[in-house]
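Asks: The sequence shown begins at -19 in our numbering and counts up by one.
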Amino acid sequence: MLENIDTSGSGLGHINMIAGWMMGTAAVLLVIGGVLAALRWASGKVIANSENSAAGFRGIYLCLAAALVLGSLGGAIQWTSSSAATASDGGVLVNEAGPGHVNVHLEEPASQCLNTVTVSGDWHRAGSFGGQDAHIPPEQEHEWMVAELDRLGAFDLAASEASTRTLGWLWHHSSAPASGWQDAGHPSTWDDTGYISRYSWRPDGGGGDCTRSNTNPAPGSEIEVIVLDTSPSMSALYIIYTIPVPGD
């Protein structure tokens, strides 16, 4: 779209040409209107009809006024279109007011992948209206997900925000601090009240791989980790951590 922008200044000439067409058409209509007004004025004089004569005279007066306006507009457009050049080109504008150059810089995306990969535990949100035991993943599954998050480098990064949901996946009124992600330390040090339930990331597209096997998150993207917290203080809630990945 931007490549069609005219920065050469020739567009002003086009404006002048189009304005000339419009005023030429208006001038023709003005002449026709003037002739009709004159005929009506003359007919009023011939048949002694004062109303026709007065109407014809008003028509002639309006046509003369319109001709004056058209002449003024034509001169103004001609002057501005021919004078809208910089001083170095013989115009009246300063050089800084000349036509600019439109440069469009498109940054390369940080990733060739448009998709987000999600890994969810078998028991994530299982039995949404059941007790917390229905949501706790088997120990082996939890440890596997921890190892995969290690490969993503998620435990070396800080979370920018955190939110909570109930076991039924409703927004919870309480909030969890984003610092809780790092404060909790590595999951290997967690007690039996915290479990990785689901996580997602955007692969960097290295080698054209946008699948789960690519554990290199795209720079500038985010990793989302959902932790099931069954500690009494949290009353069995899902904590959703958003973890920014540093850019290049």
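The beta carbon of each residue, even a glycine, is placed where N, CA and C say it ideally should be.
1. Can you name, in chain order, every residue of its own chain whose Cβ lies under 8 Å from the Cβ of Ser242, other than the five neighbours on each side?
2. Applying the 10 Å Cβ sphere with the 16-neighbour rule, what's the burial state of Asp209?
3. Going by the DSSP bridge assignment, what does Gly174 pair with across the sheet?
4. Look up Leu217 in the DSSP assignment and say whether it is helix, strand or coil.
5. Assuming contact is defined by CB atoms lying nearer than 8 Å, are Thr191 and Val97 in contact in what I supplied?
6. Mind checking whether Arg182 and Ser201 have CB atoms under 8 Å apart?
7. Is it buried or exposed for Ile219, if we count other Cβ within 10 angstroms and need 16 for buried?
8. Taking the beta strand (DSSP E) that Ala134 falls in, what are its first and last residues?
9. Under 8 Å, with one C-beta from each stretch per pair, do the region 114 to 125 and the region 184 to 199 reach the 3-pair mark?
10. My output table needs one value for Ser201: the three-state DSSP class, helix, strand or coil.
11. Flag Leu132 as yes when its Cβ comes closer than 7 Å to any non-hydrogen atom of the ligand NAP, and as no otherwise.
12. For the beta strand (DSSP E) that contains Thr236, what are its first and last residues?
Replies: Straight from the coordinates:
1. Absent from the structure is residue 242, since the part of the chain shown begins at -19 and ends at 228.
2. buried
3. Asp209
4. strand
5. yes
6. yes
7. buried
8. Run containing Ala134: none; DSSP gives neither H nor E here.
9. no
10. coil
11. The ligand NAP is not among the ligands present in this structure, which contains no ligands whatsoever.
12. One cannot answer for residue 236 here, as it falls past the ends of the chain, which runs -19 to 228.
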